[in-house]
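Visitor: Those protein sequence lines, which keep their order, are chains P and L. The first sequence begins at 8 in my numbering and counts up one residue at a time. The second sequence begins at 8 in my numbering and counts up one residue at a time. Note that CB positions come from ideal geometry on N, CA and C, so glycine has one too. Please read through the structure below; I'll follow up with questions.
Protein chains: 2
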Amino acid sequence: MSAAARTDNAPAAASDALDKLIALVATDMEAVNATIVERMASDVPMIPALAGHLIQSGGKRLRPILTLAAAGLCNYAGRDHVRLATAVEFIHTATLLHDDVVDNSALRRGRKTAHMIWGNPASVLVGDFLYSRSFQLMVETGSVAILGVLANASAIIAEGEVMQLAAAKNLETTEDTYLKVIESKTAALFAAAAEVGAMAAGADAAKVKALADYGRAIGVAFQLVDDALDYAASADTIGKNAGDDFREGKITLPVILAFARGASDERAFWTRVIADDKQRPEDFDAAVDLIKLRDAIEDTLARAQSYALAAKDALQPFEDGPYKRALSALADFCVERAY
Amino acid sequence: MSAAARTDNAPAAASDALDKLIALVATDMEAVNATIVERMASDVPMIPALAGHLIQSGGKRLRPILTLAAAGLCNYAGRDHVRLATAVEFIHTATLLHDDVVDNSALRRGRKTAHMIWGNPASVLVGDFLYSRSFQLMVETGSVAILGVLANASAIIAEGEVMQLAAAKNLETTEDTYLKVIESKTAALFAAAAEVGAMAAGADAAKVKALADYGRAIGVAFQLVDDALDYAASADTIGKNAGDDFREGKITLPVILAFARGASDERAFWTRVIADDKQRPEDFDAAVDLIKLRDAIEDTLARAQSYALAAKDALQPFEDGPYKRALSALADFCVERAY
Chain P
8 MSAAARTDNA PAAASDALDK LIALVATDME AVNATIVERM ASDVPMIPAL AGHLIQSGGK
68 RLRPILTLAA AGLCNYAGRD HVRLATAVEF IHTATLLHDD VVDNSALRRG RKTAHMIWGN
128 PASVLVGDFL YSRSFQLMVE TGSVAILGVL ANASAIIAEG EVMQLAAAKN LETTEDTYLK
188 VIESKTAALF AAAAEVGAMA AGADAAKVKA LADYGRAIGV AFQLVDDALD YAASADTIGK
248 NAGDDFREGK ITLPVILAFA RGASDERAFW TRVIADDKQR PEDFDAAVDL IKLRDAIEDT
308 LARAQSYALA AKDALQPFED GPYKRALSAL ADFCVERAY
Chain L
8 MSAAARTDNA PAAASDALDK LIALVATDME AVNATIVERM ASDVPMIPAL AGHLIQSGGK
68 RLRPILTLAA AGLCNYAGRD HVRLATAVEF IHTATLLHDD VVDNSALRRG RKTAHMIWGN
128 PASVLVGDFL YSRSFQLMVE TGSVAILGVL ANASAIIAEG EVMQLAAAKN LETTEDTYLK
188 VIESKTAALF AAAAEVGAMA AGADAAKVKA LADYGRAIGV AFQLVDDALD YAASADTIGK
248 NAGDDFREGK ITLPVILAFA RGASDERAFW TRVIADDKQR PEDFDAAVDL IKLRDAIEDT
308 LARAQSYALA AKDALQPFED GPYKRALSAL ADFCVERAY
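Structure follows, in structure tokens:
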């Protein structure tokens, strides 16, 4: 663990910070959960069954929390933020359903993925359904501007996913391309989630932009840490199985750094296990060793740390208060959860 | 061919009618085609490559034609109908991309399907991209009401597709359930396509509803004829291979009627080839014979005919003129193309 990748807060304090943010939005979050259940309903029983499997599997719901907290930070007193937080969670759930089909993942957060239980066709179609539902919720807010932000984010997410697919198994992928992929597939929705919370509250343009910047930076930090944890964490810490990315041959920053910095025998190893997709059971441990040897985890986390700092800086236009403090602490949490 | 399923127009006249409609919207359609090319562009090369494969494969573009013609019927002089027609075509293309993955289809309109060339992951993700693009186009019109109509249609389409999936290979599917499926998966987008054309033109509520009703009825007729042609047509007529539905074990009205009316040996045949998915090469010809024996094609077309008449009746609020005449003739064309 490098000093550069550390923050001033201890891990316990960071986790505490997330709890504080969750407590601040707890009442709104209950309304979001009720709206989720209400809006995934359908006369076609397979839809709530499949959607519920994923939605109830216990993610942290960071994205809808961002929408609610952004609205709270901007002193919003209406109800549209609940609709928008639900819409954001539905977009996220739709992308997860499609991702699992794309990656052919067997497990998510330790549970069988929906497509393993109901099949690929159902996962594709229920994803489409949730995606449509999210736009219906946005329409109810009556704001074309908000619809524009989330439609743009959705297009960018899809572009990022295709970009990732095109870069699959290509060890020559640059850090720059990798950052574009995670800015698109992950950070665009974090940014939009925070931005629309501010827009619903009628915040001025500077504050709307500040929250979009905050969300984007948090999103990049979050994904960098996720990608680092895949080579470092136990299933308990990350909520998915370490080694998933490796077994799927995903090109993430730890691999990019280890490959770029590796000697010829290391590059031959990465070529065999990633590019040629010829893995043996003992390869994951060897991969973790090579990644450590090349400082690829600590440098990935150092980059995450700089995005977390940028996220905190983005909050500058806002006055001090419980929401600002909790969002600032959330930035620390995104990185600290790695330790 | 039953007398009931015939209209007063000869086939040549009906095809002529489609040409007249196409001629009426030709200038607008050129603008739509240019917008399609412009908006499927992306820095990620796989996106225009895959989207273009499907979009340029030469469908009749009935849905965007409906949007343009509805706007023309309502004397619209603006440009939003071009954006909306493009949005409608993108939604349709996205559903086709996802359908091909769901059905595992090898061919569409006689060409290899995108997922056979680029793989399922790319088809899923580019479908998502086009779907997002369609909402971006709607946002540009600035109308939340229009966004609501197309978001609702999209949710209904997805529900219809899941409903169809749940009914797959189930020979006990009723005609009522089948109609619900095609009203959702096909007619909802035809209805929305016509409706938003009228809305863009600022038509009054009665005319907006009339065009939605027209589109819905045309959509049901169109799908009924499509399902009939799968057991009756050459690849030239329908633009896809006859027997596709049969080989995929799809439950369509010709099968529902033939099974319901069949003697026990016929039911045993349908059970083996559809429910048990055990087909031999000679089974398609046998299926066509059984469907003829039970008058299932002509009765399917008779139902299509009644929807086509309803579509023409729906145009009652409009004054006579070239658009009304062409839309009325389009209703005939939807059925006449079967003969």
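Could you check the C-alpha separation between Leu231 (chain P) and Lys192 (chain P) for me, to the nearest Å?
Guide: Using only the alpha carbons, I get a separation of about 12 angstroms.
Visitor: Less than 6 angstroms between C-beta atoms, sequence neighbours within five positions excluded: which residues of the same chain meet that for Tyr138 (chain L)?
Guide: Ala101, listed in sequence order.
Visitor: Check this for me: beta carbons of Tyr221 (chain P) and Leu322 (chain P), under 7 angstroms apart or not?
Guide: In this structure, Leu322 (chain P) lies closer than 7 angstroms to Tyr221 (chain P) by Cβ.
Visitor: Check the Cβ-Cβ distances between Val169 (chain P) and every residue of chain L, and say whether any is below 7 angstroms.
Guide: Yes, contact with chain L.
Visitor: Got a sec, what are the start and stop residues for the alpha helix (DSSP H) Asp341 (chain P) sits in?
Guide: With the sequence shown as reference, residue 341 (chain P) is identified as Cys, and Asp is not the correct amino acid for it. 329–343 is the extent of the alpha helix (DSSP H) around Cys341 (chain P).
Visitor: Please give the ranges of any alpha helix (DSSP H) in the segment 32–98 of chain L, keeping only runs that are unbroken, at least 4 residues long and fully inside the region.
Guide: Runs of the alpha helix (DSSP H) inside the segment 32–98 of chain L: 33–46, 53–62, 69–80.
Visitor: Counting pairs of Cβ atoms below 8 angstroms between the segment 138–158 of chain L and the segment 136–151 of chain P, do you hit three or more?
Guide: Contact holds: three or more Cβ-Cβ distances are below 8 angstroms.
Visitor: I'd like the list of long-range same chain contacts for Leu31 (chain L), defined as Cβ closer than 8 angstroms, with 5 residues on each side in sequence excluded.
Guide: Correct list, in chain order: Ala76, Gly79, Pro329, Tyr330, Ala333.
Visitor: Mark Gln63 (chain P) as exposed unless 16 or more other C-beta atoms lie within 10 angstroms of its C-beta, in which case mark it buried.
Guide: Burial call: exposed.
Visitor: I think Val227 (chain L) touches Glu190 (chain L), with their Cβ atoms under 8 angstroms apart; what is that distance to the nearest whole Å?
Guide: Rounded, the Cβ-Cβ distance is 6 angstroms, consistent with contact.
Visitor: Quick check on DSSP: helix, strand or coil for Gly322 (chain P)?
Guide: In the sequence under discussion, the amino acid at residue 322 (chain P) is Leu, which differs from the Gly named in the question. If DSSP states are grouped into helix, strand and coil, Leu322 (chain P) belongs with coil.
Visitor: Would you kindly work out how many angstroms separate the C-alpha atoms of Gly246 (chain L) and Gly117 (chain L), rounded to a whole number?
Guide: With a pLDDT of 46 at Gly246 (chain L), under the threshold of 50, the modelled position of this residue cannot be trusted; read the value that follows with caution. For Gly246 (chain L) and Gly117 (chain L), the distance between alpha carbons rounds to 7 angstroms.
Visitor: Quick one: list the residues of chain L neighbouring Asp135 (chain P), beta-carbon separation under 7 angstroms, in chain order.
Guide: Correct list: His105, Ala165.
Visitor: Enumerate in chain order the residues of its own chain whose CB-to-CB distance from Thr244 (chain P) is below 6 angstroms, with the five nearest sequence positions on each side excluded.
Guide: Only weak support exists for where Thr244 (chain P) lies, its pLDDT of 49 falling under 50; the coordinates are left without a value.
Visitor: What's the gap between the Cα of Val188 (chain L) and the Cα of Leu172 (chain L)?
Guide: The straight-line gap from Cα to Cα measures roughly 10 angstroms.
Visitor: Alpha carbon to alpha carbon, what distance is there between Leu236 (chain P) and Phe340 (chain P)?
Guide: So the two alpha carbons sit approximately 14 angstroms from each other.
Visitor: Is Arg140 (chain L) close to chain P? Criterion is C-beta to C-beta, closer than 7 angstroms.
Guide: Yes, its Cβ sits closer than 7 angstroms to a Cβ of chain P.
Visitor: Thr120 (chain L): buried (16+ other C-beta within 10 angstroms of its C-beta) or exposed?
Guide: By the neighbour-count rule (16 or more Cβ atoms within 10 Å), Thr120 (chain L) is buried.
Visitor: CB-CB under 7 angstroms to Arg13 (chain L), same chain, minus the five flanking residues each way: which ones, in chain order?
Guide: Low confidence applies here, because Arg13 (chain L) scores a pLDDT of 37, under 50, leaving its location unreliable; read the following figure in that light. If we look at Arg13 (chain L) and ignore the five residues flanking it on each side, it has no Cβ neighbours.
Visitor: CA-CA distance, Leu178 (chain L) and Tyr238 (chain L)?
Guide: Going by the C-alpha atoms only, they are around 17 angstroms apart.
Visitor: Quick one, are the C-beta atoms of Cys81 (chain P) and Ala210 (chain P) less than 7 angstroms apart?
Guide: Going by C-beta atoms, Cys81 (chain P) is nearer than 7 angstroms to Ala210 (chain P).
Visitor: Check whether the Cβ atoms of Ile153 (chain L) and Val203 (chain L) lie closer than 7 angstroms to each other.
Guide: Yes; because the gap between Cβ atoms is below 7 angstroms, this pair is in contact.
Visitor: Are the C-beta of Met123 (chain L) and some C-beta of chain P separated by less than 7 angstroms?
Guide: Cβ-Cβ to chain P under 7 angstroms: no for Met123 (chain L).
Visitor: For Met47 (chain P), which residues in chain L fall below 8 angstroms Cβ to Cβ?
Guide: The contacting residues do not exist; Met47 (chain P) stays about 11 angstroms from chain L at best.
Visitor: Measure the alpha-carbon distance for Arg301 (chain L) versus Asp110 (chain L) and round it to whole angstroms.
Guide: Whole-angstrom Cα-Cα distance: 27 angstroms.
Visitor: Just to make sure I have the definition right: I need the residues of chain L whose C-beta is within less than 9 angstroms of the C-beta of Met53 (chain P). Which are they?
Guide: The answer, in chain order, is Val169, Met170, Leu172, Ala173.
Visitor: Let me know the secondary structure DSSP gives Ile245 (chain L) once reduced to three states.
Guide: Here Ile245 (chain L) scores only 46 on pLDDT, less than 50, and its place in the model should not be relied on; the value that follows carries that caveat. Of the three classes helix, strand and coil, the one that applies to Ile245 (chain L) here is helix, per DSSP.
Visitor: So with CB distances below 7 angstroms, who are the chain P contacts of Ala162 (chain L)?
Guide: Near Ala162 (chain L) (Cβ distances below 7 angstroms), the residues of chain P are Phe136, Ser139, Arg140, Gln143.
Visitor: Look at the alpha carbon of Met36 (chain P) and the alpha carbon of Leu316 (chain P), and state the distance between them as a whole number of angstroms.
Guide: So the alpha carbons of these two residues sit roughly 27 angstroms apart.
Visitor: Have a look at P:Ala249, P:Glu273, P:Phe253 and flag the residue whose alpha-carbon is nearest the alpha-carbon of Asp284 (chain P).
Guide: Ranking P:Ala249, P:Glu273, P:Phe253 by Cα distance to Asp284 (chain P) puts P:Phe253 first.
Visitor: Assign Ala270 (chain P) to one of two classes, buried (16 or more other C-beta atoms within 10 Å of its C-beta) or exposed (fewer than that).
Guide: Ala270 (chain P) should be labelled exposed.
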